[in-house]
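In this note's numbering, the protein residues as written are 9 to 367.
Cβ atoms here follow ideal geometry from the backbone N, Cα and C, with glycine treated the same way.
First comes the structure, then the notes that go with it.
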């Protein structure tokens, strides 16, 4: 069966579903409230373009990110749209009591039935001050699995107290992971959102990938294969459900796509030196040649991990990712400082059809 990707004038719904994770990254020229409203406005556009879903994230006290309350922002997105699914990517379990998360999930489901996806993450605050503000113990992440089990018990009606509002139907639950929590997701019968460098066999080859990545067989990602084999059906999912996340920037030319992806790559690379992820700067203000050799190398590494290029180049690389992982859905990340370029990237991405093919 063919795994060829195409670029179409129609919605991406013809192929594997495409969703977008908008982390509400800030720009130097925009206030935080403007950034949050832009997330909602973008969701309206994405719905019109035929995307399956819009996900929002949770980050606390990060200078370059305005999104801190995914349940509230997801509700705003759902209220401004009518069909597109709305996800949390994700709710950070160590930051909340499981019962409070369950109340947020059941409230979202009651207000927007059959449109909600819930991603659950294990990250704690990035600094000791943030962790203290969140009342997080030093070992908060170590009882993540127990907290998720408590959450699923509450949502299933097996909790110590009764949940209100009562869920009319199970809300799909996903674990966010770079691969390490796939075995737990399988045992718990939960979906998984798999991200990080392991999902892209062509990352080292730049935009177009390489012959070695093309030669890898379908569904050969070891973690994804093991997840499917070990999956235990549950009230959340009767079969394994794997969403794969990748950072993407699409433009009419390869150089334009690189400029679009550069501000986030720059912020990510410099955060490793400064310890702070800051607001995105305009691409024209960024000079890689002025960086230290280590910083410049980190910027190039971040760019290499971003799927960027023309529609044809991006389609080919996303197709390899889907073939390698057997993804059921793609969750696209990648925030930009160029709003017009970002809107064009969304439109071009919406025209890409990724076939399930051999996967």
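- Approximately 10 Å separates the beta-carbon atoms of residue 188 and residue 206; this is outside 8 Å, ruling out the contact.
- In the same chain as residue 52, and ignoring 5 residues on each side of it, the C-beta atoms closer than 7 Å to its own belong to 88 and 89, in chain order.
- In the three-state scheme derived from DSSP, where H, G and I count as helix and E and B as strand, residue 60 is classed as coil.
- Straight-line spacing of the CA atoms in residue 68 and residue 40 works out to 13 Å.
- Counting the other CB atoms within 10 Å of its CB gives residue 174 a total below 16, which places it among the exposed residues.
- The distance from the Cβ of residue 342 to that of residue 275 is about 12 Å, inconsistent with a contact at the 8 Å cut-off.
- In the same chain as residue 181, and ignoring 5 residues on each side of it, the C-beta atoms closer than 6 Å to its own belong to 126, 198 and 244, in chain order.
- When the five nearest sequence neighbours on each side are left out, the beta carbons in the same chain lying within less than 6 Å of the beta carbon of residue 357 are those of 258, in order along the chain.
- For residue 93, the uninterrupted beta strand (DSSP E) run begins and ends at 93 to 100, by DSSP.
- Excluding five sequence positions before and after residue 285, the CB atoms of its chain that fall closer than 8 Å to its own CB belong to 70, 71, 72, 73, 275, 276 and 279, given in chain order.
- In this structure, the alpha-carbon of residue 295 lies about 13 Å from that of residue 266.
- Three or more pairs of CB atoms, one per stretch, sit closer than 8 Å, so the region 108 to 128 contacts the region 160 to 177.
- Distance from the CA of residue 200 to the CA of residue 23, rounded to the nearest whole angstrom, comes to 20 Å.
- Per the coordinates, the alpha-carbon of residue 364 lies some 18 Å from the alpha-carbon of residue 319.
- Here residue 29 is not near residue 110, since their CB atoms are 8 Å or more apart.
- Between the region 248 to 258 and the region 303 to 317, the count of C-beta pairs closer than 8 Å reaches three or more; the two stretches touch.
- Separation of residue 330 and residue 338 (C-alpha to C-alpha, rounded to the nearest whole angstrom) is 8 Å.
- Judged by DSSP in its simplified three-state form, residue 130 adopts coil rather than helix or strand.
- Annotated three-state conformation of residue 259 is coil, per DSSP.
- Here DSSP, grouped into helix, strand and coil, assigns residue 338 to strand.
- The Cβ atoms of residue 306 and residue 240 lie no closer than 8 Å to each other.
- DSSP, reduced to helix, strand and coil, places residue 27 within a strand of the structure shown.
- In this structure, the CA atom of residue 344 is about 43 Å from the CA atom of residue 166.
- Under DSSP, residue 332 shares a beta bridge with no residue.
- Pairing residue 155 with residue 101 gives a Cβ-Cβ distance under 8 Å.
- In the structure shown, the three-state DSSP call for residue 202 is strand.
- Distances from the CA of residue 96 to each of 82, 333, 106 and 264 were compared; the closest alpha carbon is that of 82.
- For a cut-off of 8 Å, the C-beta gap from residue 291 to residue 271 is around 6 Å, short enough to register as a contact.
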